[in-house]
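Student: Residue numbers for the sequence shown follow full-length UniProt numbering, beginning at 7 and rising by one.
Ideal Cβ placement from N, Cα and C applies to all residues, glycine included.
This one's a predicted model, so the numbers in the text were calculated from it and none came from an experiment.
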Amino acid sequence: IKRVTTSALREMKTRGEKISMLTSYDFSTARILDAAGVEVLLVGDSAANVFAGYETTLPITLDHMIYHASAVARASKRAMVLADLPFGEYQGSVEDAYKAAVRMMKESGAHALKLEGGEEIIDNIKKIVNSGIPVCGHLGLTPQSIYKFGDFSVRAKEEAEANRLKADALALQEAGCFMLVLEKIPAALAKEVSDSLDIPTIGIGAGNGCDGQVLVVNDMLGLNKEFKPKFLRLYADLQEEITKAASNYIADVKAGTFPNESEQY
Ligand code: KIV
Ligand code: NA
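Quick look at the structure:
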């Protein structure tokens, strides 16, 4: 099996073939998603929310992210493993950002890194890219800045913020980013940015004009049903399936029907 590379993703954009990406935080799930054929497994810092139960992505550490990314990297045979650098690890000095990036690459086995932000971190991104590490940008709603925004509402609806986003997108491409995630911005703006760039864009809540899509796997599998933004399509109801399985197991244990003759030694 051939590994999905940065150039393969770029060729998909050129051909007009859409790119599929899902988040992943553990070995068992990643193995299933990889075999299903998803092109990119994103080890998102959304692990802070859906894996660990934090309200924001701010508390997750580089060590936590390395642990998740290494589990996903061990599971993936074909998909690119793209890992988020967590809050606080790359917004300071170029040197600190570079060190965090190198640690993640060496210790997790991820193939590429994602960093939130534009012009304000461009020197840090250039240093990481120039050291040989592929970087994916992330603009629009950037959850690591949630306390600056104040809420999770749609970003870049006003012209000034839209213009800034367009300039940031170009700057990220020029800095050498191989891809760009666009989160929760108007579909028309996401399409305009996607059409203007040579590198692929991956949307979440950014409409159908992007070169690919990403969803948080726990959300699309129905494991996190209190969270229902408009952009989320439910592809399964695992909350219901797991509840059924657990209830049946409990009933069997109470009734003394599990284990049976063939299930014991
Ligand atoms: O952490 C994450 O899951 C993400 C995606 C929503 C793009 O960054
Ligand atoms: Na993230």
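Leaving out five residues on either side along the sequence, give the residues of the same chain with a beta carbon under 6 Å from the beta carbon of A212.
Tutor: Start at 1 with the first residue of the sequence shown, and residue 212 comes out as number 206. Excluding positions up to five away in sequence, the list reads L188, I191 and A196.
Student: Applying the criterion that 16 or more other CB atoms from any shown protein chain within 10 Å of the CB defines a buried residue, is V259 buried or exposed?
Tutor: Taking the sequence shown and counting its residues from 1, the one referred to as residue 259 is at position 253. V259 comes out exposed.
Student: Going along the chain, which unbroken runs of the alpha helix (DSSP H) with 4 or more residues stay wholly within the region 30-100?
Tutor: Segments of the alpha helix (DSSP H) lying fully in the region 30-100: 33-42, 53-56 and 68-81.
Student: Spell out the partners DSSP gives I208 in its beta bridges.
Tutor: Residue 208 sits at position 202 when you count from the first residue of the sequence shown. I208 is bridged to V187 and G218.
Student: Evaluate E267 with the Cβ neighbour count: other Cβ atoms within 10 Å of its Cβ, from every protein chain shown; 16 or more gives buried, anything less gives exposed.
Tutor: Counting from one through the sequence shown, the residue named residue 267 turns up at place 261. Classification for E267: exposed.
Student: Helix, strand or coil: how does DSSP classify P159 here?
Tutor: For the purposes of this step, residue 159 is taken as the residue at position 153 of the sequence shown. Note on identity: in this sequence residue 159 is Ser, with Pro being the wrong assignment. Coil, per DSSP.
Student: Pull the bridge partners of L147 from the DSSP assignment, please.
Tutor: Position 141 of the sequence shown, counted from the first residue, corresponds to residue 147. Beta-bridge pairing links L147 to no other residue.
Student: Closest to R21 by C-alpha separation, out of M27, L28 and S13, would be which residue?
Tutor: What you label residue 21 is simply residue 15 of the sequence shown in a count that begins at 1. Selected option, being the one with the closest Cα: S13.
Student: Cα-Cα, which of R9, K236 and A118 is closest to L91?
Tutor: Sequence index remark: in the sequence shown, residue 91 carries index 85 (1-based). Nearest of R9, K236 and A118 to L91, Cα basis: A118.
Student: Ordered along the chain, which non-local residues of its own chain (more than five positions away) have a Cβ less than 7 Å from that of D129?
Tutor: For the purposes of this step, residue 129 is taken as residue 123 along the sequence shown, with counting starting at 1. Same-chain partners within the cutoff: V100.
Student: Helix, strand or coil: how does DSSP classify K8 here?
Tutor: Numbered from 1 along the sequence shown, position 2 holds the residue referred to as residue 8. Looking at K8 - three-state DSSP - the assignment turns out to be coil, as it is neither helix nor strand.
Student: May I ask you to check if the CB of D225 is nearer than 6 Å to at least one heavy atom of the ligand NA?
Tutor: The residue given as residue 225 occupies position 219 in the sequence shown. Checking every heavy atom of the ligand NA against the Cβ of D225, none is found closer than 6 Å.
Student: Note down, in chain order, each residue of its chain lying with its Cβ closer than 7 Å to the Cβ of T67, except the 5 sequence neighbours on either side.
Tutor: Counting from 1 along the sequence shown, the entry for residue 67 is found at position 61. So the list reads P92, once near-sequence residues are dropped.
Student: Please name the residue, chosen from R9, L28, K8 and R16, that lies closest to V220 on a Cα-to-Cα basis.
Tutor: Position 214 of the sequence shown holds residue 220. Measuring from the Cα of V220, the nearest candidate turns out to be L28.
Student: Is the distance from the Cβ of G143 to the Cβ of I25 below 7 Å?
Tutor: Your numbering for residue 143 matches position 137 in the sequence shown. Your numbering for residue 25 matches position 19 in the sequence shown. No; because the gap between Cβ atoms is not below 7 Å, this pair is not in contact.
Student: Could you check how far apart the C-beta atoms of A177 and E122 are, in whole angstroms? I think they sit under 8 Å.
Tutor: Translated into the one-based positions of the sequence shown, residue 177 becomes position 171. Translated into the one-based positions of the sequence shown, residue 122 becomes position 116. Not a contact, Cβ separation roughly 14 Å.
Student: Is it the case that the CB of V78 approaches a heavy atom of the ligand KIV more closely than 6 Å?
Tutor: Position 72 of the sequence shown, counted from the start, is the residue given in the question as residue 78. Result no, Cβ not under 6 Å from the ligand KIV.
Student: Do A107 and I139 have their CB atoms nearer than 7 Å?
Tutor: Position 101 of the sequence shown, counting from 1, holds the residue named residue 107. Position 133 of the sequence shown, counting from 1, holds the residue named residue 139. Closer than 7 Å, so yes.
Student: Name the two residues that bound the continuous alpha helix (DSSP H) containing L176.
Tutor: Residue 176 sits at position 170 when you count from the first residue of the sequence shown. That run of the alpha helix (DSSP H) goes E165 to A181.
Student: Using DSSP's beta-bridge definition, name the partner residues of M18.
Tutor: Numbered from 1 along the sequence shown, position 12 holds the residue referred to as residue 18. In the DSSP secondary-structure assignment, M18 is not bridged to any residue.
Student: Do A58 and H74 have their CB atoms nearer than 7 Å?
Tutor: Taking the sequence shown and counting its residues from 1, one reaches residue 58 at position 52. Taking the sequence shown and counting its residues from 1, one reaches residue 74 at position 68. Their beta carbons are not under 7 Å apart, which means A58 does not touch H74 by this criterion.
Student: In whole angstroms, what separates the C-alpha of I248 from that of L229?
Tutor: Residue 248 sits at position 242 when you count from the first residue of the sequence shown. Residue 229 sits at position 223 when you count from the first residue of the sequence shown. Looking at the two C-alpha atoms, the distance is approximately 9 Å.
Student: What distance in whole Å lies between the Cβ atoms of A42 and M71, which are believed to be in contact at a cut-off of 8 Å?
Tutor: As a first step, residue 71 is located in the sequence shown; it is residue number 65 there, counting from the start. As a first step, residue 42 is located in the sequence shown; it is residue number 36 there, counting from the start. Not really, about 24 Å apart at Cβ, beyond 8 Å.
Student: By how many angstroms is the C-alpha of V135 removed from the C-alpha of A181?
Tutor: Taking the first residue of the sequence shown as 1, we reach residue 181 at position 175. Taking the first residue of the sequence shown as 1, we reach residue 135 at position 129. For A181 and V135, the distance between alpha carbons rounds to 8 Å.
Student: So, helix, strand or coil for I25, using DSSP?
Tutor: For the purposes of this step, residue 25 is taken as the residue at position 19 of the sequence shown. Here I25 sits in strand by DSSP.
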